[in-house]
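Going by my numbering, the sequence shown opens with residue 807, and the numbers climb by one from there.
Backbone N, C-alpha and C define an ideal beta-carbon position, used for all residues, glycine too.
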Amino acid sequence: ASKADKKIITDKIHLSLQFSMLIAIPSCIGLLVLGEPVLNLLFSTRETNPLAAQLLQIGCITVIMYSFSTITNGILQGIGKVSVPAKNALVALVGHLIVLAVCLWGFKMDVYGVVISDIVFGLFMNLLNFRSIKKNLPEFHLEYRKTFILPFISAAIMGVAAYLFYQGMIFVCHKNSISVLLAIVVAVLVYALALLKTKAMDEEDLKNFPKGTKLLKLAKKMHL
807 ASKADKKIIT DKIHLSLQFS MLIAIPSCIG LLVLGEPVLN LLFSTRETNP
857 LAAQLLQIGC ITVIMYSFST ITNGILQGIG KVSVPAKNAL VALVGHLIVL
907 AVCLWGFKMD VYGVVISDIV FGLFMNLLNF RSIKKNLPEF HLEYRKTFIL
957 PFISAAIMGV AAYLFYQGMI FVCHKNSISV LLAIVVAVLV YALALLKTKA
1007 MDEEDLKNFP KGTKLLKLAK KMHL
């Protein structure tokens, strides 16, 4: 492939990874801060088991892990390395089973061990996939700042706002369903604003997203 073709490929990889993390990171933070209220909303006929909420909050990192691995699987298949994701998954599975065995029988962690081993599987898969991409596309360099750091800062701001708003609403109206739904709306608005203010997304990024041109016009009208 020519240099121009490789530039197009790496640009599309950056955009794919950035877009997936812009969704996955706030989803992870949202489950972390609103895990129990969300479970109460979904299963409102009975009180949520505290263990279920705890496991959801511990395992929320898998949202990021599996989002990243799904995109990197697609990238490897897209550049012709169809069998590589399957081989990486096999290696990650072996690591997963070893960690699971240590957690269950070594540390007696019960169901927590299952969650931890799932996280380890995702971690192994991502590391192996990323190594394979770098091996086949040496010119590719992951933009950590725009892919991870700035979205995480924006999501952290969102998480604080959502948690405080939820607690305030519960104090005022004592209704979980109303509080959590409004907190989610607030979270979406705060996250979108934080992305623009932290420069996690610039004009070019917005144009590349679905309905990006309309979003860009709206952001300009609102002086964001």
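Quick one: residues in its chain with C-beta nearer than 6 Å to the C-beta of glycine 965, no 5 flanking neighbours on either side, listed in chain order? On the sequence shown, position 159 is the one that residue 965 refers to. Here glycine 965 has Ile835, Val839 as same chain residues with Cβ atoms under 6 Å from its own Cβ, once five neighbours each way along the sequence are excluded.
Count the other C-beta atoms from every protein chain shown that fall within 10 angstroms of the C-beta of histidine 980, then say buried if there are 16 or more, exposed otherwise. The residue given as residue 980 occupies position 174 in the sequence shown. By the 10 Å Cβ count, histidine 980 comes out exposed.
Residue interval of the alpha helix (DSSP H) (run including asparagine 879): Residue mapping note: residue 879 aligns to position 73 of the sequence shown, counting from 1. Taken as a continuous stretch (DSSP letters only), the alpha helix (DSSP H) holding asparagine 879 covers 867-884.
Continuous alpha helix (DSSP H) assignments of at least 4 residues falling wholly in the region 879-927: Segments of the alpha helix (DSSP H) lying fully in the region 879-927: 890-907.
Does the beta-carbon distance from leucine 1022 to lysine 1013 come in below 8 Å? Position 216 of the sequence shown, counted from the start, is the residue given in the question as residue 1022. Position 207 of the sequence shown, counted from the start, is the residue given in the question as residue 1013. In contact: leucine 1022 and lysine 1013 (Cβ atoms closer than 8 Å).
Leaving out five residues before and five after valine 900 in sequence, what residues of the same chain have Cβ atoms less than 8 Å from its Cβ? Here residue 900 corresponds to residue number 94 of the sequence shown, with the count starting at 1. Cβ-Cβ distances below 8 Å link valine 900 to nothing in the same chain once the five nearest sequence neighbours on each side are left out.
Which class does aspartate 1008 belong to by DSSP, given the choice of helix, strand or coil? As a working note, residue 1008 is residue 202 in the sequence shown. Coil at aspartate 1008, not helix or strand.
Could you check where the alpha helix (DSSP H) with histidine 820 kicks off and where it finishes? Against the sequence shown, residue 820 aligns to sequence position 14. The continuous alpha helix (DSSP H) containing histidine 820 extends over residues 809-848.
Using a 10 Å radius around the Cβ and a threshold of 16 neighbouring Cβ atoms, would you call leucine 929 buried or exposed? Looking up residue 929 in the sequence shown gives position 123. Within a 10 Å sphere around the beta-carbon of leucine 929 sit 16 or more other beta-carbons, which makes this residue buried.
Over what stretch of residues does the alpha helix (DSSP H) that includes methionine 1028 continue unbroken? Start at 1 with the first residue of the sequence shown, and residue 1028 comes out as number 222. Note, methionine 1028: premise wrong, no alpha helix (DSSP H); not H, not E.
Between the alpha carbons of glycine 1018 and lysine 914, how many angstroms are there, rounded? In the sequence shown, the residue the question calls residue 1018 occupies position 212. In the sequence shown, the residue the question calls residue 914 occupies position 108. So the alpha carbons of these two residues sit roughly 50 Å apart.
For alanine 993, count neighbouring C-beta atoms within 10 Å of its own C-beta (all shown protein chains included) and say buried if the count is 16 or more, exposed if not. Start at 1 with the first residue of the sequence shown, and residue 993 comes out as number 187. Answer is buried; the Cβ neighbour count reaches 16.
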